[in-house]
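The next block holds one structure in the form of structure tokens; read it before the comments.
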Amino acid sequence: TCALGILQYLFLWLWSLLLIFPGAMMSYSYSMAFYILQDNPDMTWRKALDESRRLMYGNRGKLFALDLSFIGWYILGGMLLGAGTAFVVPYHEMARAHFYLDLVNADNAAKLAEETQTEQTETLAENAPLTFEPVDDAQ
18 TCALGILQYL FLWLWSLLLI FPGAMMSYSY SMAFYILQDN PDMTWRKALD ESRRLMYGNR
78 GKLFALDLSF IGWYILGGML LGAGTAFVVP YHEMARAHFY LDLVNADNAA KLAEETQTEQ
138 TETLAENAPL TFEPVDDAQ
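Listed below in structure tokens is the structure:
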């Protein structure tokens, strides 16, 4: 996981060279890599980053909104000389962990629905008649 952290920050730094906005987008794209590696310890760091990008496609805005919702808590924690952030940081990390679990559950449900649809299509194709016989309406 140490190599993943170093390489994740290296990639983010390289993306940030383009401008701040692409670097911020890629930081959200790579944000689930540690959770993915925790679930799949045999996965390589590169595959974890790629899987994180795939999972986060279309979900970066949702994670940004989640992170943005904690800004008030962080400001309040800062006003308490940082003592409040001792409670906010674990709460924020747990919210991100649940975000990951929701992503994985939605992804698994989508894969299952796709497999079921494929199986139903194959079953219909197997049971379909091979010839077409016109119906005589004159009778």
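To convert, take the position in the sequence shown, counting from 1, and add 17; that gives the numbering used here.
For each residue, glycine too, the CB sits at the ideal point set by N, CA and C.
The structure displayed is predicted, hence computed values, not measured ones.
Under the 10 Å beta carbon count, Leu36 is surrounded by fewer than 16 other beta carbons and is classified as exposed. In the DSSP assignment, Phe81 falls within the alpha helix (DSSP H) that extends over 77–85.
In the three-state reduction of the DSSP assignment, Leu36 falls in the coil class. Counting only the Cα atoms, Asn125 lies some 18 Å from Gln137. Annotation: Leu97 is outside any alpha helix (DSSP H) and is labelled neither H nor E by DSSP. Taken through DSSP and simplified to helix, strand or coil, Tyr47 comes out as coil. Looking at Ala130, Pro39, Trp30, Leu54, the one whose alpha-carbon comes closest to that of Cys19 is Leu54. The Cβ atoms of Leu66 and Tyr47 lie closer than 8 Å to each other. Distance from the Cα of Gly22 is smallest, within the candidate group Leu129, Thr61, Phe38, Pro39, for Thr61.
In this structure, the CA atom of Ser33 is about 37 Å from the CA atom of Leu129.
In this structure, the straight-line span from the alpha carbon of Ala114 to that of Tyr52 is close to 7 Å. By the criterion of a C-beta distance shorter than 6 Å, Leu24 is surrounded in its chain by Trp62, once the five residues flanking it on both sides are discounted.
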